Structure formats: C-alpha cells, structure tokens
Amino acid sequence: MSGETNLTIIGNLTADPTIRFMNDTGDAVVNFTVASTPRVFDQKSKQWKDGAALFMRCTQWREAGQHVADSLAKGDRVIVVGKLQQREYTDRDGVKRTVMEVVADEVGTSLKYAVARPIRNKNRNGGGRPNPKAGNDSGASDDPWATFQPSTDEVA
Numbered sequence: 668m669s670g671e672t673n674l675t676i677i678g679n680l681t682a683d684p685t686i687r688f689m690n691d692t693g694d695a696v697v698n699f700t701v702a703s704t705p706r707v708f709d710q711k712s713k714q715w716k717d718g719a720a721l722f723m724r725c726t727q728w729r730e731a732g733q734h735v736a737d738s739l740a741k742g743d744r745v746i747v748v749g750k751l752q753q754r755e756y757t758d759r760d761g762v763k764r765t766v767m768e769v770v771a772d773e774v775g776t777s778l779k780y781a782v783a784r785p786i787r788n789k790n791r792n793g794g795g796r797p798n799p800k801a802g803n804d805s806g807a808s809d810d811p812w813a814t815f816q817p818s819t820d821e822v823a
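So the sequence shown is numbered by the numbering used here: it starts at 668 and just counts up by one.
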C-alpha cells in the first residue's frame, strides 16, 4: 500500500515478548521492544563506540505473533521488517499520548551471532495459508528439510 513507512530494524529484545488475546476475535497479539545501538568510529580516539540507542516498540499479530512469543526471549538478536505507525491513546490519567511503533510483517532471529533451526508447522506452509498437500497419504514429505541431518562437522 502506498504512503506507508516501511522499515527494517535490527537489534536485541529488551524483555521477553508478551502475548495477549483479543476478547472479540481471539486473535493473538504479541508486543516486544527492540533496542538498536549503532556503532560509530571516533576519529579522535581511533576506536569504535556505541552511538545513541533506539528503542522501538513492535507488534506482531495472529499466528506469527504466537511464533514470536514461542521462539524469542530477552536478549535475542532479531530482524524486524514492518510498517512504522503513529498511534494515539488516552492514558489512565486522561492524558492524550502518542506513540510510534512498528507493526511487524516479518520477525526473525539474526544469525550473526547465533545458530537457528526452523521448525515448520505441520499443517501450514510459509505463507500462512492452509497447505493443500498436508495430510496426503503418499508417504512422501513435501518439506525438503524434513529429512535433513547435519553432518558431524556442521554441529557445534
């Protein structure tokens, strides 16, 4: 959709993601905060230093939100792709507040400092739609990773 501000943020989770379920629909929504701190080179000291940290509140909905809550924890390095949105609300004291947040389209763990092995849902494909081939009785798996076995030199 045009006019939306899309962005990618890479950083670490400041706390475990929190999940809740909407009363009217039962949809899951997970909230988490990513801290992104740029590294800058100080010409005077000739050393790399931390720049000003950005703390970005993020939201992920439905099944993808449940995956975030089940998979990630405080300190995990993540890559978040989504839409930057401004939202207004009234706090408990009746004061009108404005927040900026990312409504995530994709959330993944960064492999820069970690290793991950994805586990696919058995009844879903990557697009979040029902897998028409799920439940076939041919005995052959449609998942090329289903039989993957790492060699001993691949396991740390």
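Note that beta-carbon positions come from the ideal geometry of N, C-alpha and C, so glycine has one too. All values reported here derive from a predicted model rather than from experimental measurement.
Rounded to whole angstroms, the separation of the alpha carbons of ASP737 and ASP691 is 23 Å. With a cutoff of 8 Å on beta-carbon distance, ALA695 and PHE688 are scored as near each other. Within the same chain, and ignoring the five residues on either side of GLY718 in sequence, the residues whose Cβ sits closer than 6 Å to its Cβ are PRO705 and VAL707.
The three-state reading of DSSP puts ALA702 in strand, counting E and B together. The C-alpha of ARG784 is placed about 34 Å away from the C-alpha of GLN753. With a contact defined as Cβ atoms closer than 8 Å, VAL774 and GLN727 qualify at about 6 Å. By the 16-neighbour rule on beta-carbons within 10 angstroms, PHE722 is exposed.
For a cut-off of 8 Å, the C-beta gap from VAL769 to CYS725 is around 5 Å, short enough to register as a contact. Under DSSP, LYS750 forms a beta bridge with ASN673 and VAL770. Within its own chain, the residues whose Cβ lies closer than 6 Å to the Cβ of VAL735, once the five positions on either side in sequence are excluded, are PRO684, VAL697, GLN727 and VAL774, listed in chain order. Take the alpha-carbon of GLY732 and the one of PHE699: they are about 10 Å apart.
Relative to LEU778, the option among ASN679, GLU671 and LEU674 whose CA is nearest is ASN679. Looking at the DSSP output, LYS716 sits in a beta bridge with VAL707.
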